[in-house]
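Chemist: Residue numbers (my numbering): 53 to 367.
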Ligand code: GLY
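1. For residue 348, which option in 337, 323, 132, 271 has the closest C-alpha, if you only look at C-alpha atoms?
2. Return the CA-CA distance between residue 176 and residue 98, expressed in angstroms with no decimal places.
3. Below 7 Å, is the gap between the Cβ of residue 259 and the nearest heavy atom of the ligand GTP?
4. Is residue 237 a contact residue of the ligand GLY, with contact defined as CB to any heavy atom under 7 Å?
5. Go to residue 359, then tell me how far its alpha helix (DSSP H) extends in each direction, as first and last residue.
6. Do the CB positions of residue 255 and residue 208 come within less than 8 Å of each other?
7. If you reduce the DSSP assignment to three classes, tell me which class residue 196 lands in.
8. According to DSSP, is residue 335 helix, strand or coil?
9. Which residue marks the beginning of the alpha helix (DSSP H) containing residue 259, and which one marks its end?
10. Can you tell me whether residue 231 is buried or exposed? The criterion is at least 16 other CB atoms within 10 Å of its CB, across all chains shown.
11. Consider the C-beta atom of residue 206 and the heavy atoms of the ligand GLY; say whether any pair is separated by less than 7 Å.
12. Only counting the same chain, and skipping five residues up and downstream in sequence, which positions put a Cβ closer than 7 Å to that of residue 64?
13. Just to confirm, are residue 310 and residue 171 a CB contact at a threshold of 8 Å?
14. Any idea what DSSP makes of residue 269, helix, strand or coil?
15. Kindly list the residues whose CB is nearer than 8 Å to the CB of residue 174, restricted to its own chain and excluding five residues on each side of it in sequence; keep chain order.
16. Can you give me the C-alpha to C-alpha distance between residue 73 and residue 186, rounded to a whole angstrom?
17. I'd like to know whether the C-beta atoms of residue 103 and residue 94 end up nearer to each other than 8 Å.
18. Compute every distance between the C-beta of residue 104 and the non-hydrogen atoms of the ligand GLY, then say whether any falls below 7 Å.
19. Check for me: the alpha helix (DSSP H) holding residue 162 runs from which residue to which?
20. With 16 as the cutoff for other CB atoms within 10 Å, does residue 196 come out buried or exposed?
21. In angstroms, rounded to a whole number, what distance separates the CA positions of residue 66 and residue 188?
22. Between residue 321 and the ligand GLY, is there a pair consisting of the residue's CB and a ligand heavy atom that are separated by less than 7 Å?
23. Assess contact between the segment 246-255 and the segment 267-280, defined as three or more Cβ pairs (one per stretch) separated by less than 8 Å. Is contact present?
24. Using only CA atoms, which one of 120, 352, 344, 115 lies nearest to residue 212?
25. Quick one: residues in its chain with C-beta nearer than 7 Å to the C-beta of residue 147, no 5 flanking neighbours on either side, listed in chain order?
26. Is the separation between the beta-carbon of residue 225 and that of residue 245 shorter than 8 Å?
27. Should residue 355 go down as buried or exposed, given a rule of 16 or more other Cβ atoms within 10 Å for buried?
28. How is residue 114 classed by DSSP in three states: helix, strand or coil?
29. Determine, using beta carbons only, whether residue 81 and residue 140 come nearer to each other than 8 Å.
Below, the structure is given as structure tokens:
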């Protein structure tokens, strides 16, 4: 039995490639790499890899994380520049005994020592968006009240392979106009991602500062350990984070995906619409829309027309 789930419709092509690999017996780790690389390499997706939107100094800084739910190998990179595929670096680091999580120039030096491809990740399109934002928001940019930041659409993938191994990976350029050096949830184990092959895996997208406050990915896997399936586990964790944060502060847009040990998909959101892609031995890659309606997440299939519109806005 294999199954795979990824955040946002941008991952559809990657999930198709990964699903074909899983069909041929590839590991969940290989599936995650292929699916995430596809998004990282696509210049049209402005929140991940090449074409990702820059920080306040017009530098693209990238975060990525990986966890193997069988061995509990973890690897992550934070605030790295000019690394073509940050998820590959995170996966490589997960095989080290120590120094599994590297930041900034240390991570870049490790990449160079290990032959990872470097690439200028700032596209002309991303530069145009940067200058447009400066123009429209110059006054607000110095305020740092949070209202300038677009929540990042992280690509997250959870996969179960035929050997019952579950893994999870994430990759993002983080918030547009973030402070240089800012790190979100995506490379943080337990917040942005978590996997345990005995129960399942979860990953998160949205405002990292909020996702971290609840260790949301760990919470979802813990809910699965308590016997909930992937959907029930996601719904419970989303209700809890929403209630907990709203009692104390404003809450941003948050969404999560999960897969359980039986290959069931799960998703929850506190937004009006969050897209994700799921495929399994029983189902070809399908785009779903999760919607928060009065605190509950409802899930429906997206139409082809919806996907065409989604892609046309990216292009
Ligand atoms: N969730 C991605 C970030 O906050 O950077």
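Where a beta carbon is used, it is the ideal one built from N, C-alpha and C, also for glycine.
Modeler: The short version:
1. Sequence index remark: in the chain shown, residue 348 carries index 296 (1-based). Considering only alpha carbons, the answer is 323.
2. As a working mapping, residue 176 is identified with position 124 in the chain shown. As a working mapping, residue 98 is identified with position 46 in the chain shown. CA-CA distance, residue 176 to residue 98, rounds to 12 Å.
3. Although the ligand GTP was asked about, the structure shown includes only the ligand GLY as ligands.
4. On the chain shown, position 185 is the one that residue 237 refers to. For the ligand GLY, at least one heavy atom lies less than 7 Å from the Cβ of residue 237.
5. Start at 1 with the first residue of the chain shown, and residue 359 comes out as number 307. From DSSP, the alpha helix (DSSP H) with residue 359 extends over 356-366.
6. Taking the chain shown and counting its residues from 1, one reaches residue 255 at position 203. Taking the chain shown and counting its residues from 1, one reaches residue 208 at position 156. In this structure, residue 208 lies closer than 8 Å to residue 255 by Cβ.
7. As a working mapping, residue 196 is identified with position 144 in the chain shown. Residue confidence for residue 196 is low, a pLDDT of 46 falling below 50, so the modelled location carries little weight and cannot support an answer.
8. Position 283 of the chain shown, counting from 1, holds the residue named residue 335. For residue 335, the three-state secondary structure derived from DSSP is strand.
9. As a first step, residue 259 is located in the chain shown; it is residue number 207 there, counting from the start. Note, residue 259: premise wrong, no alpha helix (DSSP H); not H, not E.
10. The count along the chain shown starts at 1 and reaches residue 231 at position 179. Within 10 angstroms of the beta-carbon of residue 231 lie fewer than 16 other beta-carbons, which makes it exposed.
11. Sequence index remark: in the chain shown, residue 206 carries index 154 (1-based). Yes, Cβ of residue 206 sits closer than 7 Å to a heavy atom of the ligand GLY.
12. Your numbering for residue 64 matches position 12 in the chain shown. Result list for residue 64: 329, 337, 339, in chain order.
13. The residue given as residue 310 occupies position 258 in the chain shown. The residue given as residue 171 occupies position 119 in the chain shown. In this structure, the beta-carbon distance from residue 310 to residue 171 does not fall below 8 Å.
14. Walking along the chain shown from the start, residue 269 turns up at place 217. Three-state DSSP puts residue 269 in a helix.
15. Here residue 174 is taken as the residue at index 122 of the chain shown, counted from 1. Closer than 8 Å at Cβ, skipping near neighbours: 106, 110, 111, 112.
16. Locating residue 73 in the chain shown gives position 21, where the first residue counts as 1. Locating residue 186 in the chain shown gives position 134, where the first residue counts as 1. Cα-Cα distance, rounded: 43 Å.
17. The sequence position of residue 103 within the chain shown is 51, counting from 1. The sequence position of residue 94 within the chain shown is 42, counting from 1. Contact flag set, yes.
18. Counting from one through the chain shown, the residue named residue 104 turns up at place 52. Every heavy atom of the ligand GLY is 7 Å or more from the Cβ of residue 104, so no.
19. Stepping through the chain shown from its first residue, residue 162 is reached at position 110. Here the alpha helix (DSSP H) through residue 162 covers 156-165.
20. Taking the first residue of the chain shown as 1, we reach residue 196 at position 144. Because the pLDDT at residue 196 is just 46, under 50, the model does not fix this residue reliably, and the value given afterwards should be weighed accordingly. By the neighbour-count rule (16 or more Cβ atoms within 10 Å), residue 196 is not buried but exposed.
21. Residue 66 sits at position 14 when you count from the first residue of the chain shown. Residue 188 sits at position 136 when you count from the first residue of the chain shown. Between residue 66 and residue 188, the C-alpha separation is close to 35 Å.
22. Residue 321 sits at position 269 when you count from the first residue of the chain shown. Result no, Cβ not under 7 Å from the ligand GLY.
23. With the cut-off at 8 Å, the segment 246-255 and the segment 267-280 touch.
24. Numbered from its first residue, the chain shown carries residue 212 at position 160. Of all alpha-carbon atoms in 120, 352, 344, 115, the one lying nearest the alpha-carbon of residue 212 is that of 120.
25. Counting from one through the chain shown, the residue named residue 147 turns up at place 95. Contacts found: 125.
26. On the chain shown, residue 225 is found 173 positions in, with the first residue counted as 1. On the chain shown, residue 245 is found 193 positions in, with the first residue counted as 1. Taking 8 Å as the cut-off, the Cβ atoms of residue 225 and residue 245 do not count as close.
27. The count along the chain shown starts at 1 and reaches residue 355 at position 303. Exposed.
28. The count along the chain shown starts at 1 and reaches residue 114 at position 62. Taken through DSSP and simplified to helix, strand or coil, residue 114 comes out as strand.
29. The residue you call residue 81 lines up with position 29 of the chain shown. The residue you call residue 140 lines up with position 88 of the chain shown. No, these two residues do not count as a Cβ contact at 8 Å.
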